[in-house]
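From first to last, the protein sequence lines are chains G and X. Residue numbers 119 to 240, in the numbering used here, belong to the letters of the first sequence in order. Residue numbers 2 to 943, in the numbering used here, belong to the letters of the second sequence in order. The beta-carbon is built from N, C-alpha and C at its ideal position, and this holds for glycine as well. Notes to accompany the following structure.
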Amino acid sequence: MSKRVLVVDDEPNILLSLEFLMTQAGYEVSTATDGEAALQAIEAGRPDVVLLDVNIPKRNGYQVCETIRANPAWGHVRVVMITAKGRDVEREKGLALGADDYIIKPFSTHEVVAKVAEVLAP
Amino acid sequence: MAPTGNTGRGDMLDAWLILLISFGYLGVLFAIAYYADRRADSGRSVIGNPYIYTLSIAVYCTAWTFYGSVGRAASTGVGFLPIYLGPTLMAALWWLVLAKIIRIAKVHNITSIADFIGSRYGKSALLGGLVTVIAVVGIMPYISLQLKAVSASFEVVRNYPELNAPVHSIATPVWADSAFYIALLLAAFTIVFGTRHIDVTERHEGMVAAIAFESLVKLVAFLSIGVFVTFVLFDGPAELFAQAATVPELERLMRLEALPGGFTAWLSLTFLSMMAIMFLPRQFQVAVVENVNEDHLRKASWLFPLYLLVINLFVLPIALGGELLFAGKDVDPDTYVLTLPMSQHMVALALFVFIGGLSAATGMVIVATIALSTMVSNDLLMPMLLRIKSLGLAKRRDLTGLLLAIRRGAIVVILLLGYSYFRLIGESYALVTIGLVSFAAAAQFAPAIIAGIYWTGASRAGAISGLVGGFVVWGYTLLLPGFARSGWLPISFLENGPWGISALRPYELFGLEGLDPISHAVFWSMLINVGCLVVVSLFSRRGAMERVQAALFVDVFRQRSGDTYAWAGTTTVGELRALVARFMGERRAEQEFQRFAPTTGRSQRHGGQRTEAHVINFTERLLAGVIGAASARVMVSSVVQGEALSIEGVLEILDETSQIREYSRQLEQKSAELQAATAELKAANLRLQELDRMKDEFVSTVSHELRTPLTSIRAFSEILHGNLDLPRNQRQEFLAIVVKETERLTRLINDLLDIAKIESGRMDWHVEAHDLRDLISEAAASVSQLFRERGVKLVQRLPADPAMALVDRDRLQQVIINLLSNACKFCPEQFGQVQARLEHAEGKLRLTVQDNGQGIPPEHLERVFEKFHQVEEGDGQPEKGTGLGLAICRGIVEHHGGRIWAENGADAGALLVCEMPASGRPRQRGFPSPKVSPSAGRVRLR
């Protein structure tokens with residue numbers, strides 16, 4: 119049974135590229151373009167990994183990550199944050215909030231695929 | 002003592018017995034004084050209680066009380082009372098007035114009433130001297146009164162059993178006059194008594210103790226004779242008064258109208274005695290200078306009136322008894338207290354009464370002469386001698402001897418003056434009248450002192466003129482008439498006035514008739530005194546020193562110390578110590594300096610270090626206690642280098658003080674300015690931090706905005722690169738995305754460059770006159786494709802006449818396109834409509850671009866012009882904005898001197914309004930306005 123990946127980004131083109139990459143890597147992919155939609159999608163689809171852009175409307179990536187980690191039922195969900203802001207502060211903040219990994223835009227497609235595989239590895 | 006008059010009577014009292022008793026009594030006094038001094042030296046003062054203090058104040062009751070009251074009661078009944086009523090009234094005010102005077106005297110080391118007045122009015126030596134002269138001349142009659150009383154009582158007792166002393170005549174040669182010897186004797190006694198000490202600063206504890214003892218003796222003696230007359234000669238007061246009531250002349254004495262001058266006289270006598278109890282030099286001496294504890298005043302203010310009441314209890318009974326017993330005989334009523342027991346052959350009682358009278362007289366003479374001699378030396382002679390440079394006194398090593406010599410000489414001179422007055426005038430008056438002359442003189446001090454402690458405005462000139470005026474009037478209306486009556490001046494001086502000018506008659510000055518001489522003199526002298534004091538004070542300019550002292554005196558209860566800080570010069574402690582030693586002796590000086598500051602006293606003994614002002618002040622106060630304030634000033638200034646205490650110096654110091662005050666005010670101002678500057682700096686720093694933060698934020702945002710399209714480009718490039726077998730349509734789609742994102746990246750970079758140029762002022766502006774209608778139409782054409790795609794209708798409402806403005810064509814077109822495409826983006830698809838309206842408005846051209854979308858949330862109306870501010874946009878937008886568009890628009894419009902803002906339409910949609918100056922010139926910072934003609938080419942501005 120293939121793993122499920124939820125991609126969250128408000129940039130349609132980036133979303134499209136990630137969706138393509140994840141599908142190609144053999145995951146079952148769902149998408150969301152804002153924080154609230156992301157949380158609904160997690161509730162509905164129980165993804166194994168969430169590729170989470172920080173800069174999204176309604177609830178930003180940090181808040182979404184925090185919510186995920188605050189919910190014990192979602193303890194297995196891996197979170198990989200994606201951000202265009204490459205400063206260390208943001209990275210630290212994401213990891214502190216419970217993210218499993220961190221990807222900086224513009225990312226290498228191989229890196230994304232590798233990181234997702236890595237966080238999913240038992 | 003040479004006998005006079007009747008001699009050789011066998012049963013006469015031996016003169017030597019009387020003298021022996023007298024000397025014995027004086028010896029007892031001396032012993033008491035000696036004992037008290039010894040106790041004081043060993044720190045166990047015997048006078049430190051309110052009872053001794055009260056008894057010492059009772060020095061008020063002199064031989065005048067002892068003998069004169071009965072005499073006055075015999076002729077005027079209760080007329081003797083005002084003299085005791087006044088002090089009783091005044092005692093009720095002591096807590097208010099005397100308490101303040103005592104405090105001032107203590108703070109300023111005041112040594113006498115002259116010192117007090119001189120010190121109050123700017124440490125004036127002139128004023129101190131003036132007060133001294135007035136006091137000496139004014140008290141002279143009073144001393145003569147005591148001499149007269151002692152000598153008369155001596156003669157009366159000596160002539161026992163005769164009740165009549167031989168009439169004392171001017172013809173008696175001085176060497177045969179008992180009064181002369183009494184004067185000398187009292188002088189000697191006072192010298193031994195009051196100036197025995199080398200150390201002149203000490204309060205006269207021994208004297209006070211002796212005076213208190215004397216007050217007790219005279220009280221007991223008087224009560225004894227009173228009891229004898231009332232209960233032995235008569236059967237109690239009721240019987241005595243009943244007997245007297247049967248005699249018409251005596252019955253009259255028991256009524257109030259017996260007093261000559263009636264009500265006015267009562268008033269003036271009460272007033273005089275009120276003043277006398279405070280301002281007679283000897284009263285000032287015992288009540289103020291010799292006061293050991295301010296608290297004693299409280300008890301004294303009811304104990305003293307009680308003393309007066311008791312000692313006056315038997316005055317009227319004795320007077321009536323004498324009148325009854327000696328009816329028809331020629332016995333002087335002033336001698337009733339002696340002659341009544343003598344008539345009953347009660348020799349011992351008569352002698353005891355004689356001792357009581359002697360007590361009263363010696364007490365007064367001792368205190369008065371000590372007080373006066375202190376004044377003469379401190380306030381009259383020393384200031385004068387010290388100023389005479391040729392005497393070189395200011396440089397002399399040891400002045401204690403001179404000081405004592407002056408005081409001793411003064412004592413002798415004062416008593417001899419009193420004796421002279423007695424010889425010249427004494428015979429013409431009764432005791433009471435002589436005493437009242439002195440009272441009137443002492444009352445002259447009252448205005449200067451009372452005003453001095455309550456009114457800071459009282460000036461030296463005012464005090465001097467008041468004192469001189471009052472004293473002259475006193476001399477003219479009371480002293481000179483005495484000489485006239487005694488035949489030393491023509492009697493016509495009294496009756497017709499000098500040179501026959503009746504307005505100047507001494508007893509009816511300026512036609513004021515119907516008053517007894519005392520009331521008359523009191524009225525005129527006080528009127529002149531108070532009048533001069535007030536008027537001159539109001540119109541005179543006070544010196545700095547005067548102002549300082551006035552404030553110190555009036556506000557004495559508000560200060561901690563009496564320092565005037567008036568010394569600006571420098572000296573050494575060694576010099577100051579040496580100075581003090583010259584007046585107080587080496588040992589005392591050492592002690593005082595040790596007490597003041599143990600460190601200063603010894604370590605700097607020979608030190609040449611500068612001393613501080615407070616040490617100099619201390620020295621001055623110390624010396625003031627020995628030689629008076631005025632002399633102390635002169636002495637201290639002689640060792641203090643530099644300008645010492647000229648009034649100019651004080652002014653300078655005051656100036657300095659005000660300069661310091663000004664300086665501190667400036668400092669305060671500076672510190673306030675500094676605070677303000679600090680606050681500004683803080684604000685600027687905050688602003689800088691904010692700017693820094695904003696720059697950081699901007700860079701971070703820019704990087705984010707650049708990374709976003711780059712991410713897509715990279716991702717899809719890699720996908721395309723790694724997946725050569727992608728279906729054609731998918732490949733096309735991905736490639737289109739790459740192209741679009743590249744365009745977006747380009748736009749973003751262009752916008753960033755624009756905003757950077759606008760903000761830094763490096764933009765090239767090509768300003769020309771353009772018709773905005775054309776610009777709008779052109780812009781509309783260039784966005785028509787976008788509108789068509791979104792199905793939004795664009796409506797243009799342009800004016801018919803040209804709308805010329807000086808603008809950079811390309812930039813303004815950029816603004817219009819931006820506004821139009823923005824509006825298009827926010828319109829609902831299909832039903833969207835954008836209206837572009839241009840109109841003239843008060844010299845301006847107003848372009849309004851209105852959409853029919855959601856409108857802008859009010860809190861965002863201004864923020865939409867911020868860089869990278871993006872209202873969350875709906876989906877399906879053709880392309881995402883850079884977030885810089887409106888910021889660039891605002892920069893361009895404002896550069897042209899216009900305004901741009903956002904508002905919400907009445908019904909729906911957002912309005913972006915842009916106002917440009919019509920046909921005006923673009924506002925160029927600091928540049929001359931370009932000349933513009935319709936055919937003008939491009940004007941390149943920067």
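Requested in this report: Identify every residue that forms a DSSP beta bridge with X/L624.
Outcome: Its beta-bridge partners do not exist; DSSP assigns none.
For this session: Measure the CB-CB distance between X/L623 and X/E593 and report whether it falls below 7 Å.
Result: yes
*Any Cβ of chain G within less than 7 Å of the Cβ of X/L736?*
no
query = Going by alpha carbons, who is nearest to X/S43 out of X/S120, X/E206, X/S113 and X/G470?
reply = X/E206
Which same chain residues, not among the five before or five after X/R603, have their C-beta less than 6 Å away from its C-beta? Confidence at X/R603 is low in this model, with a pLDDT of 43, below 50, so its placement is unreliable and no value can be given for it.
query: Is X/P384 near X/T89, with beta carbons less than 7 Å apart?
result: The criterion of a C-beta distance shorter than 7 Å is not satisfied by X/P384 and X/T89.
| task | Please determine, among X/V574, X/F584 and X/R583, the residue with the shortest C-alpha to C-alpha distance to X/Q595. | result | The option with the nearest alpha carbon to X/Q595 is X/V574.
Practice prompt. Ignoring anything shorter than 4 residues or poking outside the region 211-276 of chain X, list the alpha helix (DSSP H) runs there in chain order.
Written response: The region 211-276 of chain X contains these whole alpha helix (DSSP H) runs: 237-246 and 249-254.
Would you call the region 807-818 of chain X in contact with the region 888-896 of chain X, where contact means no fewer than 3 C-beta pairs closer than 8 Å? yes
(Q) Here's the rule I'm using: 16 or more other beta-carbon atoms within 10 Å means buried, otherwise exposed. How should X/M695 be labelled? (A) exposed
The region 729-760 of chain X: positions lying closer than 7 Å to chain G by Cβ: I738 and E742
Note to self: Starting from X/E576, trace the alpha helix (DSSP H) in both directions and tell me its first and last residue.
What the structure shows: V574 to M585
Roughly how many angstroms lie between the CA atoms of X/R864 and X/T883, to the nearest whole one? 15 Å
Nearest residue (CA-CA) to X/G28, options X/D15, X/A16, X/V193 and X/A106: X/V193
On the criterion of 16 or more Cβ atoms from any shown chain inside 10 Å, does X/G563 qualify as buried, or is it exposed? Low per-residue confidence applies at X/G563: pLDDT is 43, beneath 50, and the placement is therefore not dependable, though the value from the model is reported in the following sentence. The residue is buried, with at least 16 neighbouring Cβ atoms inside 10 Å.
**Q.** Cross-strand partners of X/K794 (DSSP beta bridge)
**A.** X/Q834
- Establish whether the CB of G/N131 and some CB of chain X are separated by less than 7 Å. yes
### Message
I'd like to know if the region 222-230 of chain G and the region 701-713 of chain X are in contact, where contact means that at least 3 CB-CB pairs between them fall below 8 Å.
### Response
Because the criterion of three Cβ pairs below 8 Å is met, the region 222-230 of chain G and the region 701-713 of chain X touch.
Worksheet item: Closest Cβ-Cβ distance between G/T149 and chain X: below 7 Å?
Response: no
**Q.** Chain-ordered chain X contacts of G/K121 [CB-CB under 8 Å]
**A.** Under the 8 Å cutoff, chain X gives no residues; its nearest Cβ is about 21 Å from G/K121.
Shortest alpha-carbon distance to X/G532 belongs to which of X/G471, X/Y477, X/A552 and X/L505? X/G471
Check your understanding: Just the Cα atoms here: how many angstroms apart are X/K959 and X/L528?
Key -> Only positions 2 to 943 of chain X appear in this structure, which leaves residue 959 of chain X out of reach.
Can you name, in chain order, every residue of its own chain whose Cβ lies under 7 Å from the Cβ of X/G857, other than the five neighbours on each side?
-> According to the sequence displayed, residue 857 of chain X carries Ile and not Gly. So the list reads V865, V872, A903, N905 and A911, once near-sequence residues are dropped.
* Asked: Does the region 438-457 of chain X come close enough to the region 135-145 of chain X that 3 or more CB-CB pairs lie under 8 Å?
  -> yes
Discussion item. Please tell me whether X/F699 has its Cβ less than 7 Å away from any Cβ of chain G.
Written reply: So, not an interface residue.
ask   = Are the C-beta of G/A143 and some C-beta of chain X separated by less than 7 Å?
value = no
Does the distance from the C-beta atom of X/V287 to that of X/S113 stay below 7 Å?
Contact annotation: X/V287 and X/S113 have beta-carbon atoms that are not nearer than 7 Å.
>> Restricting to Cα atoms, I'd like to know which of X/H722, X/N724, X/I750 and X/S718 is closest to X/V740.
In response: Ranking X/H722, X/N724, X/I750 and X/S718 by Cα distance to X/V740 puts X/S718 first.
Identify the contact partners of G/N173 in chain X, using a Cβ-Cβ distance below 8 Å as the criterion.
H705
**Simplified DSSP state of X/T679, which is helix, strand or coil** = Secondary structure of X/T679 (DSSP, three-state): helix.
Under a Cβ-count criterion, where at least 16 other Cβ atoms within 10 Å of its own Cβ denotes burial, should X/Q667 be classed as buried or exposed?
By the 10 Å Cβ count, X/Q667 comes out exposed.
**OP:** Give me whichever residues DSSP pairs with G/E146 in a beta bridge.
**Re:** DSSP, once it has assigned bridges, lists G/R122 as partnering G/E146.
Q: Could you list which residues in chain X have their beta carbon closer than 9 Å to that of G/A202, in chain order?
A: S704, H705, E706, L707, R708, T709, L711 and T712
Subject >> Segment limits, alpha helix (DSSP H) that includes X/V29 >> reply: A16 to D42
Closer than 8 Å is the cut-off here; do at least three beta carbon pairs connect the region 118-134 of chain X with the region 457-470 of chain X?
yes
- prompt: At a Cβ threshold of 7 Å, is G/T185 touching chain X?
  reply: So no, G/T185 is outside the interface.
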